[in-house]
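Enquirer:
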Amino acid sequence: MTVIEVHNLHKRYGEHVAVDDVSFTVERGEIFGIVGPNGAGKTTTVECVEGLRRPDGGTVNVLGMDPRTDGAKLRRRVGVQLQESHLPDRLKVAEVLDLYSSFYPRPADWRRLLDEWGLAAKRDTAFGKLSGGQKQRLFIALALIGDPEVVVLDELTTGLDPQARRDTWELVERIGERGVTVVLVTHFMEEAERLCDRLMVVDRGRVAAIDTPAGLIAGTLPEQRIRFRPSSPVAESLLAELPGVASVTVHGPRVEVAGTGDLLHVVTSVLARHQIIAADLRIEQGTLDDAFVALTGRRTT
Amino acid sequence: MTRLTHHELRLFLRDPASTLVVLVLPVGMVVLFGAIMNPGGGSDPIETYFPSAAIALGLAQLGMNLLPTTVAGYREKGILRRMATTPIHPARLLGAQFAVGALLAVVAVALVVAVAALAFGFDLPGRPLAFLVTCVLGILSIFAVGLLVAALAPTSRVATGIGIAVFFVSMVFGGVFMPAETLPEFMLTVGDYTPLGAFMQALRASWAGGWPEPLHLLVMAVVAVVFALASAKMFRWE
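Residue numbers (this note's numbering), protein chains in the order written: chain A, 740 to 1040; chain B, 14 to 251.
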């Protein structure tokens, strides 16, 4: 079932076109990633989905509602973590959760959220005294406080140290396991690869590709390299004639085969037929980072 | 809404500086001048000056300084925006701010009147109804000025700057720093048309037992309506 449908979204700020014809759909229970360089239009796109901005063109449908006209009703069912936000410094953690839960008709139990997000020991701590990671966890808890069907997490782990980032990933996986649909905006490819079922790559306000992480890599960087040390010498021609093989190089005792398709299977089966054992076998394939660079011509970080 | 107001009140009271300027300072002023001049309930017009000035000072701090700084800060820090992602419109937060401000204003007025009359023998306001009408119009007009500052200022620092400027000019021209009878004629005339000046003169008139000049009530009412509408029109949520 489709929960978010965006068609031909356009949004400009003055002369600057932020989003230029973006279309995508998100299915129920999916973790859908939006990746792209800074200024690609990721945040503007999700802000149109949340109803915080009015698109200049195109249609947005979330849970069967138009964010432009059904904003208040929609926000009862969609949780949002904004890229940048604050709370009054002197407000305490438990007070924040209690207050925000009063905004929703059927809120989640905020005491349970407090435990789940590791904030129980901080319940009487003022917001201004929390660490970056704790603030971030509080904002995720706030995104979940209305017991939403969809959550939008924008730049979830920016500014967190690597350990806090990994901890946060586990928590996001847990949200996904509960059947909540997650839209995740990020510029960390590792994060996108680990968490997302599907990804949309956005560049200069346009969609560069939408696919699974593995599909994106295979689609943009089809070439793989296999390196191994054969137990007895292999004739180059034996491998070079195999389907999908582009090149074979022999460096002393090591052989390197480059090609596309089901390369590993093709190579290992011909070696097995000749009773050659491949030792130290390594497969090299493009990473999501590489695919991203190939798609946008830019590095992510 | 009550929960939101409750939270805002709690936040206000957690900031010692706010409580100090809005509640402690006006009462302190009455205590200080009460002790120095030892009023005896005479009819010297100066006796209406001190408690009125104390009230005007507290309300001006609250409405022209704290209110715009807080509201502009809420916008600048994205607190209004965060709230816009919930089913509750952030206008409710401004409503809660207004409610907390009004409540504190009433407490400040009550404290000043009580301390002035009970502890130091200043007269009670001579015409309570006129005093009450004056206070309501004064709170509305001064808060409307503060809201307009919050609507126009891009950041809380700018809001504080504008707020302080408006505050001092109002205090000087409005006959709060110095009794109006000691001010030059042109300053008095200007002061009559400022909300704080009109408030101050109306307070003193009702304290002395009369009705304020209609001009002063009219100035406060017009400022309250016009400035409130203007700030509603110009307010940006982010």
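All residues carry an ideal CB built from backbone N, CA and C; glycine is no exception.
Just so you know, these numbers come straight off a predicted model, no measurement behind them.
So, does the CB of Leu870 (chain A) fall closer than 8 Å to a CB anywhere in chain B?
Expert: Indexing the first sequence from 1 puts residue 870 (chain A) at position 131. Correcting the residue type first, residue 870 (chain A) is Ser in the shown sequence and not Leu. Output row for Ser870 (chain A): interface = no.
Enquirer: Strictly under 8 Å for the Cβ-Cβ distance: is Leu24 (chain B) near chain A by that measure?
Expert: Locating residue 24 (chain B) in the second sequence gives position 11, counting from the first residue. With 8 Å as the cut-off, Leu24 (chain B) counts as an interface residue toward chain A.
Enquirer: At the 8 Å Cβ level, is Tyr752 (chain A) part of the contact set with chain B, yes or no?
Expert: The residue given as residue 752 (chain A) occupies position 13 in the first sequence. So no, Tyr752 (chain A) is outside the interface.
Enquirer: Where does Ala157 (chain B) land, buried or exposed, given buried means 16+ other C-beta within 10 angstroms?
Expert: Counted from its first residue, the second sequence places residue 157 (chain B) at position 144. Counting every other CB atom within 10 Å of its CB across the protein chains shown gives Ala157 (chain B) a total of 16 or more, marking it as buried.
Enquirer: For a test of the three-state rule: what should DSSP assign to Ser1008 (chain A), helix, strand or coil?
Expert: Locating residue 1008 (chain A) in the first sequence gives position 269, counting from the first residue. Three-state result, Ser1008 (chain A): helix.
Enquirer: Note the first and the last residue of the continuous alpha helix (DSSP H) segment covering Thr173 (chain B).
Expert: Here the question's residue 173 (chain B) lines up with position 160 in the second sequence. Residues 169-186.
Enquirer: Between Glu894 (chain A) and chain B, is the shortest Cβ-Cβ distance under 8 Å, so that the two count as touching?
Expert: Position 155 of the first sequence, counted from the first residue, corresponds to residue 894 (chain A). Interface residue (Cβ-Cβ distance to chain B less than 8 Å): Glu894 (chain A) is not classified as such.
Enquirer: Could you run through the segment 769-795 of chain A and flag, in chain order, every residue whose CB is less than 8 Å away from some CB of chain B?
Expert: Glu789, Leu791
Enquirer: Can you pull out the residues from the segment 815-843 of chain A whose beta carbon lies closer than 7 Å to at least one beta carbon of chain B?
Expert: Arg815, Val819, Leu821, Glu823, Ser824, His825, Leu826, Pro827, Arg829, Leu830, Glu834, Leu838, Tyr839, Ser841, Phe842, Tyr843
Enquirer: Where Arg968 (chain A) and Ala1011 (chain A) are concerned, what is the direct C-alpha to C-alpha distance, given to the nearest angstrom?
Expert: For the purposes of this step, residue 968 (chain A) is taken as the residue at position 229 of the first sequence. For the purposes of this step, residue 1011 (chain A) is taken as the residue at position 272 of the first sequence. Between Arg968 (chain A) and Ala1011 (chain A), the C-alpha separation is close to 14 Å.
Enquirer: Beta strand (DSSP E) containing Asp9 (chain B): first to last residue?
Expert: Here chain B comprises residues numbered 14 to 251, so residue 9 (chain B) is not present and cannot be evaluated.
Enquirer: Let me confirm a value: Ala123 (chain B) is counted as buried when at least 16 other C-beta atoms fall within 10 Å, else exposed. Which label applies?
Expert: The count along the second sequence starts at 1 and reaches residue 123 (chain B) at position 110. With fewer than 16 other Cβ atoms within 10 Å, it is exposed.
Enquirer: Go to Glu894 (chain A), then tell me how far its alpha helix (DSSP H) extends in each direction, as first and last residue.
Expert: On the first sequence, position 155 is the one that residue 894 (chain A) refers to. Glu894 (chain A) -> no alpha helix (DSSP H), and no H or E assigned at all.
Enquirer: With a threshold of 8 Å between beta-carbons, can Pro29 (chain B) be considered close to chain A, or not?
Expert: By 1-based counting over the second sequence, the position of residue 29 (chain B) is 16. No - not a single Cβ of chain A is within 8 Å of the one on Pro29 (chain B).
Enquirer: Check the Cβ of Leu79 (chain B) against every Cβ in chain A and list those closer than 9 Å, keeping chain order.
Expert: As a position in the second sequence, residue 79 (chain B) is number 66, starting the count at 1. The premise fails here: Leu79 (chain B) is roughly 13 Å from chain A at the closest Cβ pair, so nothing lies under 9 Å.
Enquirer: Quick check: the segment 107-121 of chain B against the segment 194-211 of chain B, are at least 3 beta-carbon pairs closer than 8 Å?
Expert: no
Enquirer: Could you compute how far the alpha carbon of Asn747 (chain A) sits from the alpha carbon of Gln902 (chain A)?
Expert: Sequence index remark: in the first sequence, residue 747 (chain A) carries index 8 (1-based). Sequence index remark: in the first sequence, residue 902 (chain A) carries index 163 (1-based). Rounded to whole angstroms, Asn747 (chain A) to Gln902 (chain A) spans 38 Å at the Cα level.
Enquirer: Using a Cβ-Cβ distance cut-off of 8 Å, determine whether Ala811 (chain A) contacts chain B.
Expert: As a position in the first sequence, residue 811 (chain A) is number 72, starting the count at 1. So yes, Ala811 (chain A) belongs to the interface.
Enquirer: I need the straight-line Cα distance from Thr1040 (chain A) to Gly898 (chain A), nearest angstrom please.
Expert: On the first sequence, residue 1040 (chain A) is found 301 positions in, with the first residue counted as 1. On the first sequence, residue 898 (chain A) is found 159 positions in, with the first residue counted as 1. Unreliable positioning characterises Thr1040 (chain A) in this predicted model, as indicated by a pLDDT of 49, which lies under 50. A coordinate reading is not provided.
Enquirer: Between the alpha carbons of Glu975 (chain A) and Val984 (chain A), how many angstroms are there, rounded?
Expert: As a first step, residue 975 (chain A) must be located in the first sequence, where it is residue number 236. As a first step, residue 984 (chain A) must be located in the first sequence, where it is residue number 245. Computed Cα separation, rounded: 11 Å.
Enquirer: Looking only at DSSP bridge pairs, what is His746 (chain A) linked to?
Expert: Taking the first sequence and counting its residues from 1, the one referred to as residue 746 (chain A) is at position 7. Its beta-bridge partners are A:Thr798.
Enquirer: Taking its Cβ as the centre, do 16 or more other Cβ atoms sit within 10 Å of Glu1023 (chain A), making it buried, or is it exposed?
Expert: As a first step, residue 1023 (chain A) must be located in the first sequence, where it is residue number 284. So Glu1023 (chain A) ends up on the exposed side.
Enquirer: Mind pulling the beta strand (DSSP E) runs of 3 or more residues that sit fully within the segment 878-965 of chain A?
Expert: Counting only runs of 3 or more, we get 889-893, 920-925, 937-942, 945-950.
Enquirer: For Thr32 (chain B), decide whether its Cβ has a neighbour in chain A, counting only Cβ atoms nearer than 8 Å.
Expert: Within the second sequence, residue 32 (chain B) is the residue found at index 19, counting from 1. So no, Thr32 (chain B) is outside the interface.
Enquirer: Start and end of the alpha helix (DSSP H) containing Gln214 (chain B)?
Expert: Residue numbering aside, residue 214 (chain B) sits at position 201 when the second sequence is read from its first letter. 208-220 is the extent of the alpha helix (DSSP H) around Gln214 (chain B).
Enquirer: Are the CB atoms of Leu1027 (chain A) and Met939 (chain A) within a distance shorter than 8 Å?
Expert: In the first sequence, residue 939 (chain A) corresponds to position 200, counting from 1. In the first sequence, residue 1027 (chain A) corresponds to position 288, counting from 1. The answer is no: Cβ separation not under 8 Å.
Enquirer: So, helix, strand or coil for Thr1040 (chain A), using DSSP?
Expert: Residue 1040 (chain A) sits at position 301 when you count from the first residue of the first sequence. Residue placement at Thr1040 (chain A) is flagged as unreliable, the pLDDT there being 49, under the threshold of 50; a coordinate-derived value is accordingly withheld.
Enquirer: Where does Ser870 (chain A) sit, in a helix, a strand or coil, going by DSSP?
Expert: Taking the first residue of the first sequence as position 1, residue 870 (chain A) is located at position 131. The three-state reading of DSSP puts Ser870 (chain A) in coil, since its state is none of H, G, I, E or B.
Enquirer: Between Thr951 (chain A) and the ligand ZN, is there a pair consisting of the residue's CB and a ligand heavy atom that are separated by less than 7 Å?
Expert: As far as ligands go, the structure on display features none, and thus does not contain the ligand ZN.
Enquirer: With 7 Å as the C-beta to C-beta threshold (strictly closer), list the residues of the segment 87-102 of chain B near chain A in chain order.
Expert: Lys90, Gly91, Ile92, Arg94, Arg95, Ala97, Thr98, Thr99, Pro100, Ile101
Enquirer: With distances taken Cα to Cα, identify the nearest neighbour of Val238 (chain B) among B:Pro227, B:Gly223, B:Ser154.
Expert: Within the second sequence, residue 238 (chain B) is the residue found at index 225, counting from 1. Of the candidates B:Pro227, B:Gly223, B:Ser154, the one whose C-alpha sits nearest the C-alpha of Val238 (chain B) is B:Ser154.
Enquirer: Mind listing the chain A neighbours of Arg16 (chain B)? Cutoff is C-beta to C-beta under 7 Å, in chain order.
Expert: In the second sequence, counting from the first residue as 1, residue 16 (chain B) sits at position 3. Neighbours of Arg16 (chain B) on chain A, chain order: Leu838, Ser841.
Enquirer: First and last residue of the beta strand (DSSP E) that includes Phe1041 (chain A)?
Expert: The structure shown does not extend to residue 1041 (chain A), since chain A spans only 740 to 1040, so no value can be given for it.
Enquirer: Among the residues of its own chain, which have a CB less than 8 Å from the CB of Met247 (chain B), if the five just before and after it don't count?
Expert: On the second sequence, residue 247 (chain B) is found 234 positions in, with the first residue counted as 1. Once the five neighbours on either side are set aside, the close Cβ partners of Met247 (chain B) are Leu161, Ala164, Leu165.
Enquirer: What's the gap between the Cα of Leu1034 (chain A) and the Cα of Thr959 (chain A)?
Expert: Position 295 of the first sequence, counting from 1, holds the residue named residue 1034 (chain A). Position 220 of the first sequence, counting from 1, holds the residue named residue 959 (chain A). Cα to Cα, Leu1034 (chain A) sits roughly 7 Å from Thr959 (chain A).
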